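Residues in the sequence shown are numbered from 123 upward in steps of one, following this note's numbering. Input: a single structure, listed below in structure tokens.
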Amino acid sequence: MKKTLWEQIGVPKNATRQHIDKTYLSVPHNPATRLAWKVLRDDFYRDIYAKYEDLAIVKKAGFLEDNFELQDISLLQDMTFRTTPLPLIKNLPKNAHPIVLLSTGGFCPLHEGHLQMMYLAKAALESAGKQVVGGYFSISHPSYVNTKTNVHGTPGSWLYDLQKHLTSHPWLLADPWESCYVPSFVNFTEVITRLQRYLRAYFHPNTQVAYVFGSDNAWFMYCFEKRGLGVCVERTGSRELFKQLKAKLGSERCLFVPNNTPHAAANSTALRTSVTNIESEGALHYYVRNEGTPSVEHFPLSSKELVQIQQYFANEFIRILKSSIDEKATISTVFAKQQVEQAKQLLKGKKTISLDHLFIADYNVSLSRVFRLCATNGFPSGYFGGKSPLTEQLNAIVPGKYILVDDDRATGGTLKMFYQALPTHVSISKVHLLINPQNTIPHEILDLRDFLLGAQYGGLCVQLPNGKYARTPYLLPYVSPSARSTILPSQELSFSKQVWQLNYQIFSQTSCPVCMRNLPSETNTFLSYLGFSMNETVAKICQYHLDRLSWAGH
Numbered sequence: 123m124k125k126t127l128w129e130q131i132g133v134p135k136n137a138t139r140q141h142i143d144k145t146y147l148s149v150p151h152n153p154a155t156r157l158a159w160k161v162l163r164d165d166f167y168r169d170i171y172a173k174y175e176d177l178a179i180v181k182k183a184g185f186l187e188d189n190f191e192l193q194d195i196s197l198l199q200d201m202t203f204r205t206t207p208l209p210l211i212k213n214l215p216k217n218a219h220p221i222v223l224l225s226t227g228g229f230c231p232l233h234e235g236h237l238q239m240m241y242l243a244k245a246a247l248e249s250a251g252k253q254v255v256g257g258y259f260s261i262s263h264p265s266y267v268n269t270k271t272n273v274h275g276t277p278g279s280w281l282y283d284l285q286k287h288l289t290s291h292p293w294l295l296a297d298p299w300e301s302c303y304v305p306s307f308v309n310f311t312e313v314i315t316r317l318q319r320y321l322r323a324y325f326h327p328n329t330q331v332a333y334v335f336g337s338d339n340a341w342f343m344y345c346f347e348k349r350g351l352g353v354c355v356e357r358t359g360s361r362e363l364f365k366q367l368k369a370k371l372g373s374e375r376c377l378f379v380p381n382n383t384p385h386a387a388a389n390s391t392a393l394r395t396s397v398t399n400i401e402s403e404g405a406l407h408y409y410v411r412n413e414g415t416p417s418v419e420h421f422p423l424s425s426k427e428l429v430q431i432q433q434y435f436a437n438e439f440i441r442i443l444k445s446s447i448d449e450k451a452t453i454s455t456v457f458a459k460q461q462v463e464q465a466k467q468l469l470k471g472k473k474t475i476s477l478d479h480l481f482i483a484d485y486n487v488s489l490s491r492v493f494r495l496c497a498t499n500g501f502p503s504g505y506f507g508g509k510s511p512l513t514e515q516l517n518a519i520v521p522g523k524y525i526l527v528d529d530d531r532a533t534g535g536t537l538k539m540f541y542q543a544l545p546t547h548v549s550i551s552k553v554h555l556l557i558n559p560q561n562t563i564p565h566e567i568l569d570l571r572d573f574l575l576g577a578q579y580g581g582l583c584v585q586l587p588n589g590k591y592a593r594t595p596y597l598l599p600y601v602s603p604s605a606r607s608t609i610l611p612s613q614e615l616s617f618s619k620q621v622w623q624l625n626y627q628i629f630s631q632t633s634c635p636v637c638m639r640n641l642p643s644e645t646n647t648f649l650s651y652l653g654f655s656m657n658e659t660v661a662k663i664c665q666y667h668l669d670r671l672s673w674a675g676h
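Structure representation (structure tokens):
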């Protein structure tokens with residue numbers, strides 16, 4: 123008689139995932155024992171096999187034998203590496219049971235059929251009394267996506283395109299974990315398990331993930347007979363299968379949602395009729411602002427070493443940048459000290475308000491736009507006034523007319539926030555920009571400090587799930603260099619790895635260790651949230667990020 127999967131590796135039917143992994147260590151490794159290990163360690167597929175003892179049904183339900191080995195499991199299950207943006211909704215009561223939708227696939231490109239599927243699933247769940255608080259599209263790993271017809275690009279470019287489609291649907295998010303942060307394809311059940319654990323750890327402890335899929339994959343519903351929540355949305359071309367499995371499997375766990383919309387027949391393959399370049403910015407000019415040692419003078423090192431560090435970082439960053447942008451783009455360095463001296467001469471004797479910390483004005487106002495951690499778009503969610511609220515800072519200004527000084531006007535977002543909060547007793551007669559390109563060539567302005575971990579005022583200002591404000595470098599996995607710095611989407615991962623490597627090189631070679639306790643408070647707030655201690659060296663923190671991104675590399 124043929125052995126069952128449990129007999130193949132010698133575990134009881136009620137064995138846990140941990141028990142199965144441990145037992146697999148001690149059995150001979152061959153195709154039969156590996157397959158048994160892979161099926162049984164997956165909660166969803168183990169349920170299917172326990173009920174039917176039929177591998178054909180397991181495979182119809184979507185099972186694929188992935189390439190991960192035992193040594194990869196700890197990293198695959200690690201929840202400490204924060205890669206996924208959290209739903210927008212806040213302050214849910216402790217007894218809430220929020221539902222978050224998830225759909226996986228190529229989404230090359232995302233189309234109205236995909237969006238309609240999520241909206242129909244949301245409506246069906248809400249009509250059943252569930253609270254749906256958000257939804258995710260998870261692009262599958264490139265080793266799967268690249269098997270599709272006429273697919274081009276990289277995970278970075280796919281995510282960039284996906285996010286563009288989601289800008290008008292704020293409750294829907296892109297989850298980059300599956301496509302960018304694992305080295306091989308995973309089963310959709312692994313994505314469900316990981317996302318639910320992640321959201322329970324960092325969003326709400328009662329979160330349940332509802333998996334949403336089209337009826338062309340209706341067999342997937344076998345996964346949800348005993349656990350989880352599946353929502354199958356009808357599609358043209360698979361209506362009979364939809365009816366058949368609805369009659370067999372339909373339940374509170376297994377929802378089958380009719381779809382009579384015009385988008386029921388939408389098809390990504392049909393839309394991939396031509397190759398479009400979503401990457402090139404053409405003749406973009408990059409201004410790299412170099413602040414010199416003021417951004418690093420809080421490190422416990424000699425002045426000579428600080429100069430050497432800053433110069434080395436600047437030179438190497440320019441080299442990395444050149445390989446990460448369009449070949450037609452150009453780069454020039456702008457020195458902040460010269461900018462400030464020129465502004466002092468021009469504005470001598472004038473009353474000034476400055477949003478730039480290097481230019482000392484009559485009144486220096488601290489104001490930063492706040493963004494969402496791990497979000498793949500570049501849209502701010504608010505602003506942060508530093509140690510004092512913005513209104514308090516502005517109300518302390520003596521009535522009168524002032525010249526406003528700022529470093530640049532890349533998007534105009536910070537200035538807009540400033541004007542919205544400006545009290546009536548203060549008026550601005552003129553704005554002086556420290557970087558004010560006069561030509562018409564499109565440009566991007568980058569601050570070196572934003573890419574060096576722990577630089578003073580460096581990094582993106584984010585609001586953490588605990589409500590605190592913090593700063594993190596413009597690097598994956600926390601910030602999209604494409605969204606914030608116009609790095610080519612296809613180069614985001616490589617760019618981030620190289621800059622984390624550069625950070626590691628610098629901090630691993632200092633004359634004395636630079637520790638987390640030596641960094642600015644807003645950087646420490648972020649690193650503490652990640653779980654690092656105040657005595658941890660910055661070199662080790664950089665090494666951690668470099669290792670995780672390297673494991674995920676494609």
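By construction, the Cβ of each residue, glycine as well, lies at the ideal position given by its N, Cα and C atoms. Fair warning: this is a prediction, and the values are worked out from it, not measured in the lab.
Tell me whether the beta-carbon of residue i lies closer than 7 Å to the beta-carbon of residue j.
| i | j | result |
| --- | --- | --- |
| Phe342 | Ala183 | yes |
| Ala158 | Gln130 | yes |
| Ser145 | Val161 | Per the sequence shown, residue 145 should be read as Thr rather than Ser. No, the pair does not count as a contact, with Cβ atoms beyond the cut-off. |
| Lys459 | Gly414 | yes |
| Phe259 | Ser225 | yes |
| Ser446 | Ile609 | yes |
| Pro232 | Glu438 | This sequence places Leu at residue 232; Pro is not what is there. Contact flag unset, no. |
| Phe378 | Cys345 | no |
| Ala340 | Leu367 | yes |
| Gly251 | Met240 | no |
| Ile442 | Gln620 | yes |
| Asp528 | Leu570 | no |
| Ala243 | Val334 | yes |
| Leu186 | Asn268 | no |
In angstroms, rounded to a whole number, what distance separates the CA positions of residue i and residue j?
| i | j | result |
| --- | --- | --- |
| Asn646 | Leu652 | 10 Å |
| Pro599 | Ser643 | 21 Å |
| Gly580 | Glu175 | 57 Å |
| Asn657 | Ala577 | 18 Å |
| Lys473 | Glu449 | 43 Å |
| His667 | Ser148 | 32 Å |
| Gly589 | Leu214 | 14 Å |
| Thr632 | Glu427 | 8 Å |
| Ser630 | Ile663 | 11 Å |
| Leu568 | Cys230 | 30 Å |
| Glu234 | Pro384 | 9 Å |
| Ala543 | Val255 | 31 Å |
| Asn189 | Arg139 | 17 Å |
| Ala171 | Ile628 | For the sequence presented, residue 171 should be read as Tyr rather than Ala. For Tyr171 and Ile628, the distance between alpha carbons rounds to 52 Å. |
| Ser396 | Asn381 | With a pLDDT of only 41 at Ser396, under 50, the local geometry of the prediction cannot be trusted, and the value read off the model is given with reservation. C-alpha separation (whole angstroms): 29 Å. |
| Gly522 | His547 | 7 Å |
| Ser655 | Leu363 | 54 Å |
| Thr398 | Ser612 | Caution applies to Thr398, whose pLDDT of 47 falls short of 50 and renders its modelled position unreliable; the value that the coordinates give is listed next. Roughly 14 Å separates the two Cα atoms. |
| Ile107 | Ser373 | The question about residue 107 has no answer here: the residues shown for the chain are numbered 123 through 676. |
| Thr155 | Asn272 | 36 Å |
Counting only the same chain and skipping the five closest in sequence on each side, list residues whose C-beta sits under 7 Å from that of residue i.
| i | result |
| --- | --- |
| Asn114 | Look at the range of the chain in this structure, 123 to 676, and you will see that residue 114 is not part of it. |
| Ile563 | Ala405, His407 |
| Leu208 | Tyr324, Phe325, Pro587 |
| Arg670 | Phe203 |
| Tyr723 | Shown here, the chain extends from 123 to 676; a query on residue 723 therefore has no answer. |
| Ser607 | Glu566, Leu568, Tyr596 |
| Gln126 | Sequence check: residue 126 is Thr here, not Gln. Result list for Thr126: Glu175, in chain order. |
Please list, in chain order, all residues of the same chain as residue i whose beta carbon is under 8 Å from its beta carbon, the five residues on each side excluded.
| i | result |
| --- | --- |
| Ile525 | Leu469, Lys472, Lys473, Thr474, Ile475, Ile550, Ser551, Lys552, Val553, His554 |
| Lys509 | Ser488 |
| Val492 | Pro502, Ser503, Gly504, Tyr505, Phe506, Cys583, Val584, Gln585, Tyr591 |
| Ser424 | Ser633 |
With DSSP as the reference, please indicate the residues paired to residue i in a beta bridge.
| i | result |
| --- | --- |
| Ser454 | Tyr409 |
| Leu351 | Ala332 |
| Ile525 | Thr474, Lys552 |
| Gly534 | According to DSSP, Gly534 bridges with nothing at all. |
Apart from the five residues on each side of it in sequence, which residues of its chain come closer than 6 Å, Cβ to Cβ, to residue i?
| i | result |
| --- | --- |
| Leu288 | Leu294 |
| Pro635 | Thr659 |
| Cys376 | Met343, Phe346, Gly352 |
| Asp572 | Gly580, Gly581, Tyr596 |
| Gln665 | Tyr626 |
Can we count residue i as close to the ligand SAM, meaning its CB is less than 6 Å from some heavy atom?
| i | result |
| --- | --- |
| Ser279 | Here there are no bound small molecules, and the ligand SAM is not part of this structure. |
>> Extract the residue ranges of the alpha helix (DSSP H) inside the stretch 204-272, only unbroken runs of 4 or more that lie entirely within it.
In response: 234-249, 264-267
>> Which complete beta strand (DSSP E) runs does the stretch 462-490 hold, if anything under 3 residues is left out?
In response: 474-476
>> List, from N- to C-terminal side, the beta strand (DSSP E) runs of 3 residues or more that fit wholly inside the stretch 260-334.
In response: 294-296
> At what residue ranges does the stretch 549-628 contain a whole run of the alpha helix (DSSP H), taking only runs of 4 or more?
Replying inline: 603-607
> In chain order, which continuous runs of the beta strand (DSSP E) of length 3 or greater are located wholly inside the stretch 355-387?
Replying inline: 376-379
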